[in-house]
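One structure is given below, encoded as structure tokens.
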Amino acid sequence: MNLTFSLAHLMGGIILVLGFSLLSQRRLAAMITIYQLQAFVLSAAAFWQGFAQHEVNLYLTGLITLGIKAVLLPIGLRQIVLRFNMIRAVETAMPVVMSMILGVGLIGVAVLVVLPSTLSAVSLTREDLAIALSVVLLGLLVMTTRRNALAQIIGFLSTENGLVLAAIGMPGMPFVAEFSVALLVLLAFLVVGVFLFRIREHFDTLDLSGLEEIERRGR
Amino acid sequence: MTPSFALYVGLPGQGMHLHLDALSLLFLGILLPQVVAGAMAGMRKSVTFWVFALGMGLALAAADAFTLIFGFELMSAASWLLVLRGDQKPATLYVGTAIFSAACLIPAVFLPAGPLAFLLIVLGAGAKAGLAPLHFWLPRAHPAPPAGVSALMSGGMVKVALYVIIRYAFVVLAPAAQPWWGGVLVAAGAASVLIGALRAMLEGELKTVLACSTVEHVGLITVGLGIALRGKAMDDATMAGLGLQAALLYAVAHGLYKPLLFIGAGEVKHGVGTTALDWLGGLVRGMPKLGLLMLAGAAGMSAMPLGPGFAPEFLLLHAAIAAAGSGGIIARIGFTALLAVLGVGAALALGAAVRLFGIGFLGRPRTLQAAAAEEARRGPLAGMALLGALCVPVALLPGLVLNLLTPVILELAPQAQTPPLAYAPLSLAVLAGLVAGAGWLALRRYGVRGTREVAAWNGGFGKAPPWLPFGDPAAQPSATGFAEPIGRAIGRGLLAPGGADPAEAFLLAPLQRLHTRGVRLAERIRRATIRQRLAFVFAALVVFLLALGLGEGS
Amino acid sequence: MILFTIFLPLLAAPLLGLFGSPRQGAQANAVLAGLVFALTLAVFAAPGAGLVHADDLGLIFGAITGFTGLTTAITNIYYVREAEPRLSLRRWRVYHAMCQVVLGATLLGLYADNIGLLWAAVEGATIAATLAVSMPRTPSALEAAWKYFILGGVGIGLALFGTMLVYLAAQPALGPGFAAMSFRALTAHAAGMDGSLLTLAFVFILFGYGTKAALAPLQGWLPDAYAEGPAPLTTALSGPLMNVALLAILRFRHLLQANFTAGGAALPPGPFLLTLGLASLFLAAFSFSRRRDARRFFGFSSIEHSGVAAFAFGIGGAAAVFGGLLHMLLHTLIKSALLQVLIRAAALRGSTAPGHYGFSHLRGLIYSNKYTAWVLGAAMFALSGLPPSGLFASEFIIISQTIQRSPWASLPLGLGLLLCAVAILRNLGPLVFGPAPVRTKPGRATLETHLVTLHLVLAVVLAFAMPPLPVHLLSHMAEALQ
Amino acid sequence: MLLTLLLRLLATLLHAALMFGLAPLLMGVVSTLRAWALGRRGPAFVQPYRDLYKLLRKATLAPDTASQLFSAWPVAGVLALAVAAMLVPGFSTGLLTAPLSDLITILGLLGLARAATMLGGLEAGSGFGGAGAWREALYGVFAEGALLVVLLCFGLLAHTVTVDGIALAFATQHIGISVSLGFALAAILAVGLTETGRIPTDNPSGHLELAMVHEAMLLEYSGRNLLLLNYAAMLRLALWMSLIGSIFLPFGMARAADILSWPGGLLLWALKLGAMAAALAVFEVSSAKMRVFRVPEFLGVAMLLGMLAGIFLFVAARIGA
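Sequence order for the protein chains is A, B, C and D.
Under my numbering, the first residue of the first sequence carries the number 652, and numbering increases by one thereafter.
Under my numbering, the first residue of the second sequence carries the number 57, and numbering increases by one thereafter.
Under my numbering, the first residue of the third sequence carries the number 27, and numbering increases by one thereafter.
Under my numbering, the first residue of the fourth sequence carries the number 1023, and numbering increases by one thereafter.
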């Protein structure tokens, strides 16, 4: 039983570290790889929790994660990178060091926030919650500090990893698999959207083109 | 005998409640003739007009806060629509003021009785009544709608606002009343008197002049109320009595002659096509009946003896003298200054009335339209005649009217003394009649009769060209010229640079600048890219989490 | 019965994809909406049980949603007639399917007793609405869709996290299983929940559903989505969606409040809600004055009103909550009425395509059609909250409660309402009575204009002569959720 | 009882008769004394009567541009002044009109007269009438303010504002020569000079268009109307003199109730008026007319003096702040 927790913590910790290193990356390819790793660990964590809690739909979650997030989505993202040849480093809204300091701060916030919660005997402890929360926040930070659409999407994906991480930790929570599926639909839409709308560099360009168009018509 | 009703519409599960006491009845009475006259003046078919009247009635008869404010705002909304149809420019300012008064009144009615509630009431209702420094909207908005509506706005709507002040200052908040409350009212009133009278003297447009004079009269009524409130709080029976007598009698009189003047202005507009004084002139010849009625109204507006406006003025001055006889030295000096202000205001009002009638209705026509103006239509004339007829008792038998007011006064200030009026217009009229009779006999006996018409000496100007049968307009005094020296002598001290109303220059303009700044900020937020918007969300989230963490950590 | 109500539109959506012509699709859409409305009324008799179990709020707002959906669908018929050539048949099919999906998801969100279902409903509605917004395929429409999608997606993520945290916080009281996700159970055991965790959960819930409710600073997607999407769906149906989010916030807020009052470790929810509410109010107030596109303008007014509702919930107490709920009801009616008559007005001026709703296009409507112009004016006026508009009643209640519970908050509230009302009324004059653009032809009013009038009348009646039943239901729920 | 009433009625009638009868004489006295002071022979005291009679016999002309009300204004002006003149106590207090003689009423009547003259000036629509009217309006603004403030002092000192009561109070109870009364006197003199249209604010005999005020408004009037207007001017002078007299020199005024005190009162009244006329004449020849726009300042000073009078009164009464 003790092993359960320690392993769960370990995986959570790895996920967090990966999320953090996502923040430090400039090149899309590397970001995708890191995301892929995160997804792998996540699926592993899901399997482990399923084994620990004897929950079938956690296995299901793990399978979905493994199949789609760890395999399919990265492939699609790489496709986009190749198609729009975005090999070169992406510009960041703020210096990476700055964003990393912010990231540390965010982790601090997460810890500060979950500290007072008194979690009695449930499988997901404060640490796990803190980890999941900080993964979510880091993902959001990536979204806001990267100017590139794809980078932002990757940030969103890792946010969503954090969500699933929290979900699988929930003791006997219903709908976990359904939640992850629903989230996947969302993500699929995102990636498909990038294809459909052919966003070259980042949303801002689309913004601008839209803006001019609209200013002419009067908004 | 105070009937109450409950309506089954209103707040969900609560409804509305009406209650008629002496005060409500008095103000309803003030309202009634104006509504009739306004309807006669051509508003009979307008639904909005009747909604407007209904709103005022509700506000006056209200027994609970919701009904009061509902009626108040219904009145504002309906009149706003009428203003809007007339002229779109002032409508926004007008509705802004209306909602401002609601934003002050709603909190005020729910606050515990105290200074804050009182000040909010004065702010809210005062803004609606056009009390300085919140009067800037009035001279713009009142002239905009059709004459019948302007009449009701000037004669009735401001009264409803004053009714709210009276209701709360004297009845609802009475337990907490303090002398300085009266001081606040007096100060605001005095400011309104000064600015209103001065602008009435300077404005060049008939309806605007009337609106400014409304500001002045609201100020006079408020001064009366302030003195009475102070007297009530200091338990000074004479002050309370005189102040209330003055204020209420003024409310009655002003509710008669001001609508009359506004309807007349509307008829001038209809007959001549403009109400700019510099384009009128010699209208008495074309429209004698209208001219005489306007003369009566102007006499009331300038508080001439034997006119409807003098008795309240008389009472007000006595109240001020009585007030100066008590209290601390600061207050006394203040009331001395108040007397000076009242004097200046009265003289300015007289000047304005003379200018209004002398430039607009006497002298030579300044345009062909003015020369060709025909007598006013029957309906409006009838309305004016009604109001004029009602002026007569107020003018000649003010004592009787005061007796009618006594129950209201006692309801508002139980300890108030209401001594008999020392001004007896009737006996003055008798004296005048005797003298007139004697003089007429003398002239008849010795004088030569008859009057011969000759060409007027046109002051050494050349002969007017033939297409100006009534002489060269440029060669006769103009409204602008008449007002200019007074503007130069007094205005320079009181008005903002450029002759603007100080309230507009020092209150309205800064607010507008502030608003523009806010708009710029909002626009910057709106133009944010998606990433920036995300950043907003994220930052807000982190801030909230931090607040949460600290809130629980502590 | 209730399941049928929800799943009728969801299941019928694909069928709408089969119609050969947009018009038939629109008519079928209207018929479906009519059925749904009837069913929402029938639900009063059978509120259902288990995961999907309508409480009184669900009933009332469900009925309003059904009504709005019906009128919108009827408006939609005329809209399609006018707009048919602008989109391909395929797109029209998707569009009508999405209409039904949004309707169904909204109802699901209103009736769901399970917080997970609620979340799923909101997510589905978001995706459907995004599809619909991107429908016209103009660059600006795509931009709007993207904003909607990204911000909405983030919001949904946060909402999910919040939901899970609520579940976690409920563990001490309810233990694992469905019970810990049912509103009824949670409400019953709010006192026993983990307060601090609950507070944390509430922050995420607030940000998640607040994004759907377009509270500042989460409002970024709304004005563009309003202005660029196909008129009937994105605008007229967004009111009910907003209600779903606001009701969710209200319910979770109650958990927090209950835990707090029961001496739990939770923080009082008031400050959070007041902050967001006032922020939205002022953002809207200052954003009004430079708008040139009518629908974007009224998008900001939606932000304003959801801010007011959030503010009322933040004030708390039965009366304030009642005021907030009344405000939401009336706003839904008035706003959808307004947007429908706007469509009509744009049709009178030639085109209902996005971008043809500029004030400069619609100016001086009275010269095109008196009746429509007056109705439009009436709707805008109703939005300003001056009597006899119904919103006056709700705003009166809210302000009076503010005065009694947290006096100083009433100052900014009054100021914000003042600015907003003035900004709205300032545009009314030119829009209705102003000088019309050149070559304006008089047009006819159609059936939907009467429907709009019906909306407005209903709003006034609900505000000032509310029949006992809704008064009872609303006040009862306000008691329960105070 | 009835006797006193009868006596008071008699006194009132006598007062009215004297006022109306002697007003022209007073004007004549002033102008003649003025001529003497200038070293001229000057007209006879009764010259005004001759002028009035002349006007009475002359035909009345009305400009064709004037309205129906042209002849109404002089009548209104005269009537207002006549009523005022009957209210102000002359040689005796306690007239029948005493209760009516409220200073505010008198102020109002003077204002009415002023309004009538101004409207008359605007009648014909000629430039000079207008100029006179606006000057009159401009002066009036400051004059009324000053008068009301002074009035306040009287009211506070005598606890009444009826001229009769003030005269009685100042005559009987010992007020003493206080600073404030001095200020009040100065203020009221300034106002009186302006109201009666004397130098330094206006020149009754000068017909220089650019400077005249009262005369400018009479330009279009002739015959009967001009008679009325001139007579009104005379009444105004008499009114003001007896007003100032009965307030500031109330000693020796008769009481209407006992007939024995009448002769003394009459005599003293005549002396007071004569003295004031002489003083006026001397003042007029020794001072120059001021520019139109100096007059507001002149009257503003008067208003200030009035306020000072009030303030000193409060200080004297030792009222705590």
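Glycine is no exception: its CB is placed at the ideal position from the N, C-alpha and C atoms.
Would you kindly check if the distance between the Cβ of residue j and the Cβ of residue i is under 9 Å?
{"i": "A167(C)", "j": "V159(C)", "result": "yes"}
{"i": "G607(B)", "j": "L417(C)", "result": "no"}
{"i": "I177(B)", "j": "A164(B)", "result": "yes"}
{"i": "A559(B)", "j": "L149(B)", "result": "no"}
{"i": "L302(C)", "j": "A346(C)", "result": "no"}
{"i": "I415(B)", "j": "L333(B)", "result": "yes"}
{"i": "Q301(B)", "j": "T474(B)", "result": "yes"}
{"i": "P249(C)", "j": "G179(C)", "result": "no"}
{"i": "V1105(D)", "j": "A488(B)", "result": "yes"}
{"i": "T479(C)", "j": "A373(C)", "result": "no"}
{"i": "G280(B)", "j": "A375(B)", "result": "yes"}
{"i": "F659(A)", "j": "G820(A)", "result": "For the record, residue 659(A) in the displayed sequence is Ala; it is not Phe. Result yes, Cβ atoms of A659(A) and G820(A) sit closer than 9 Å."}
{"i": "I1269(D)", "j": "I1188(D)", "result": "yes"}
Using DSSP's beta-bridge definition, name the partner residues of residue i.
{"i": "F61(B)", "result": "L74(B)"}
{"i": "H79(C)", "result": "G74(C)"}
{"i": "E505(C)", "result": "DSSP lists no partner for E505(C)."}
{"i": "D1124(D)", "result": "T1184(D)"}
{"i": "A138(C)", "result": "V78(C)"}
{"i": "G384(C)", "result": "D319(C)"}
{"i": "S208(C)", "result": "N140(C)"}
State the Cα-Cα distance for the pair residue i and residue j, rounded to the nearest angstrom.
{"i": "R589(B)", "j": "E149(C)", "result": "20 Å"}
{"i": "G543(B)", "j": "V1163(D)", "result": "12 Å"}
{"i": "A134(B)", "j": "N453(C)", "result": "17 Å"}
{"i": "P493(C)", "j": "H353(C)", "result": "16 Å"}
{"i": "P613(B)", "j": "P470(B)", "result": "Within the shown structure, residues of chain B are numbered from 57 to 610, placing residue 613(B) beyond reach of any answer."}
{"i": "L43(C)", "j": "G51(C)", "result": "First, the amino acid is wrong: residue 43(C) is Gly here, not Leu. For G43(C) and G51(C), the distance between alpha carbons rounds to 8 Å."}
{"i": "A185(C)", "j": "V760(A)", "result": "19 Å"}
{"i": "A504(C)", "j": "E421(C)", "result": "16 Å"}
{"i": "T104(B)", "j": "P195(B)", "result": "22 Å"}
{"i": "L37(C)", "j": "M124(C)", "result": "11 Å"}
{"i": "H357(C)", "j": "S415(C)", "result": "11 Å"}
{"i": "A303(B)", "j": "L372(B)", "result": "7 Å"}
Here's the rule I'm using: 16 or more other beta-carbon atoms within 10 Å means buried, otherwise exposed. How should residue i be labelled?
{"i": "A341(B)", "result": "The sequence given here has Arg at residue 341(B), not Ala. Label assigned to R341(B): buried."}
{"i": "V498(C)", "result": "Checking the sequence, you will find His at residue 498(C) rather than Val. Answer is exposed; the Cβ neighbour count stays below 16."}
{"i": "L1203(D)", "result": "buried"}
{"i": "H382(C)", "result": "buried"}
{"i": "T1026(D)", "result": "exposed"}
{"i": "F93(C)", "result": "buried"}
Would you say residue i lies against chain F (beta-carbon separation less than 9 Å)?
{"i": "G605(B)", "result": "The chain inventory of the structure shown lacks chain F, comprising the protein chains A, B, C and D."}
Positions along the region 798-826 of chain A whose CB lies within less than 7 Å of some CB in chain C: F807, T810, E811, L814, A817, A818, M821, P822, G823, M824, P825, F826
Members of the region 140-153 of chain B that neighbour chain C once the beta carbon cut-off is set at 8 Å: L140, R141, Q144, A147, T148, V151, G152
Interface residues of the region 541-569 of chain B facing chain D [CB-CB below 8 Å]: P541, I542, R544, A545, I546
Proximal residues, the region 435-463 of chain B versus chain D, C-beta separation under 9 Å: none
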